[in-house]
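S.K.: Mind having a look at this structure? Questions to follow.
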Ligand code: FAD
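Residue numbers (this note's numbering): -7 to 262.
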C-alpha cells in the first residue's frame, strides 16, 4: 500500500479582476483563474516528500483535490502536469457559496469517504481571495489529525514521522510529527514548471468528479445552507488618500505638524 499524500488546491480568480454574485460570493465562472499561489507551494512540498520517501524505498502517491465549479478542472490538470498522480474535483451546485466551515467539512468528508488511508495532507496557508486561512485547521479538527501551520520547508520524512521548518515570523523552529498529519504552508509558487511529458500524462489521467451524494455529505453542512458565515457585503475598497507633502522642514516641525493632524482627526471623529 503506498504512502498517500493529499494536496488541497483552490482555483482563485486572478485577483486584479474580482466580480461578485448576488450572494456576495465571488463570481468565478468566466473569470481568468489561477491556482492559489500557496497551493503551488503545497504541491512543491508534496513532490519533495515523495522524492525523499523514494530514497528510503517508500513508494508515495500524490492525490490532488479541489472543491469548485467545473472550470476548476483546469487547476487540477496543471497539478497533474506538475507531478501529482490522481486528481479529484468536488463539484456540485449544493457545494457553492460555502464558507470555510462548509468547505472544510466537504473536503474532510471526501477524504474520510474516499481516501481514509492517507498519511499526509498539505494545504496552502491561505487562499488569496477569501484569505481567511481557516480551512486547513478546520479540516485538521474534523479529521482529528495533527497539524503544522506556517510550514516553510520539509527537513526529513520517513514512514514513521516527518520534520518541518515552521516560520511564524515571530519564531522559526523545527517541528516533528507522526502521521496522519495536516500541514499548511506559507511557501508560494513552485520551482519546477510542468514539462511536455507532464502535460501528456495529465491529458491521459481522468479527473474524478464527486458530487455531494457520492461523499455521503450531510446537506445541512455544505454550501450556503452549511455556512453560518454570510459575507454581508463584498466590494473592492476605493483607496482615497489625501496626502500632504512636508519637505525641507526641520524634523521637529514635521513631528509637530503630524501631532496636530492626529489631534484634529481625533477631535473630528469624537
Ligand atoms: P483559506 O482557508 O484561506 O484556504 C487555505 C487553504 O485551504 C487553501 O490554500 C487550500 O489549500 C485549502 N482550500 C480552501 N478552499 C478550498 C477549496 N475550495 N478546494 C480545495 N482546497 C481548498 N468564509 C468564511 O468562512 N469566513 C470568512 O470570513 C470569509 N470571508 C470571505 C471573504 C471574501 C472576500 C471571499 C471572497 C470569501 C470569503 N469566505 C469566507 C468564503 C471562503 O472564501 C470560502 O469558504 C473558501 O472556499 C475557503 O475559504 P478561503 O478562501 O478563505 O480559504
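Think of the CB as a built atom: it goes at the ideal place given N, C-alpha and C, for glycine as much as any other residue.
1. In terms of residues, what are the limits of the beta strand (DSSP E) holding residue 53?
2. Going by other Cβ atoms of all chains shown within 10 Å of its Cβ, with 16 needed for buried, is residue 2 buried or exposed?
3. Does the region 32 to 51 come into contact with the region 107 to 117, if we say contact requires no fewer than three beta-carbon pairs (one atom in each stretch) closer than 8 Å?
4. Kindly provide the ranges of any beta strand (DSSP E) runs that are 3 or more residues long and lie completely inside the region 185 to 218, ordered along the chain.
5. Cutting at 6 Å between CB atoms, please list the residues of its own chain near residue 201, excluding the five before and the five after it.
6. Please say whether residue 40 and residue 146 have beta carbons closer to each other than 9 Å?
7. From which residue to which residue does the beta strand (DSSP E) around residue 36 run?
8. I need the DSSP call for residue 3, collapsed to helix, strand or coil.
9. Is it the case that the Cβ atoms of residue 142 and residue 160 are separated by a distance below 9 Å?
10. For residue 101, which residues in the same chain have their Cβ closer than 6 Å to its Cβ, ignoring the five residues on either side in sequence?
11. Between residue 152 and residue 170, what straight-line distance do the alpha-carbon atoms span, to the nearest angstrom?
12. Below 7 Å CB to CB, which residues in the same chain sit around residue 253 once its five sequence neighbours on both sides are set aside?
13. Nearest-angstrom Cα distance between residue 103 and residue 230?
14. Please confirm whether residue 127 has its beta-carbon closer than 9 Å to some beta-carbon of chain C.
15. DSSP three-state call for residue 76: helix, strand or coil?
16. Quick one: is the Cβ of residue 123 within less than 8 Å of any heavy atom of the ligand FAD?
17. Which one of 85, 87, 86, 70 has the shortest CA to CA distance from residue 79?
18. Mind checking whether residue 93 and residue 58 have CB atoms under 9 Å apart?
19. Cutting at 6 Å between CB atoms, please list the residues of its own chain near residue 6, excluding the five before and the five after it.
20. CA-CA distance, residue 236 and residue 260?
21. How should residue 118 be labelled, buried or exposed, when 16 other C-beta atoms within 10 angstroms of its C-beta is the threshold for buried?
22. Starting from residue 98, follow the alpha helix (DSSP H) in both directions and report where the run begins and ends.
23. Would you mind sorting residue 42 into buried or exposed? The rule is 16 or more other CB atoms within 10 Å of its CB.
24. Less than 8 Å separating the Cβ of residue 2 from some heavy atom of the ligand FAD?
25. Can you tell me whether residue 44 sits near the ligand FAD, meaning its C-beta is under 8 Å from at least one heavy atom of the ligand?
M.R.: This is what the structure gives:
1. 52 to 59
2. buried
3. yes
4. 200 to 202
5. 81, 83
6. yes
7. Counting along the chain, residue 36 falls outside any beta strand (DSSP E), though it belongs to the alpha helix (DSSP H) covering 29 to 47.
8. strand
9. yes
10. 207, 209
11. 6 Å
12. none
13. 41 Å
14. Absent from the structure is chain C; it holds one protein chain and no more.
15. coil
16. yes
17. 70
18. no
19. 24, 26
20. 18 Å
21. buried
22. 92 to 106
23. buried
24. yes
25. no
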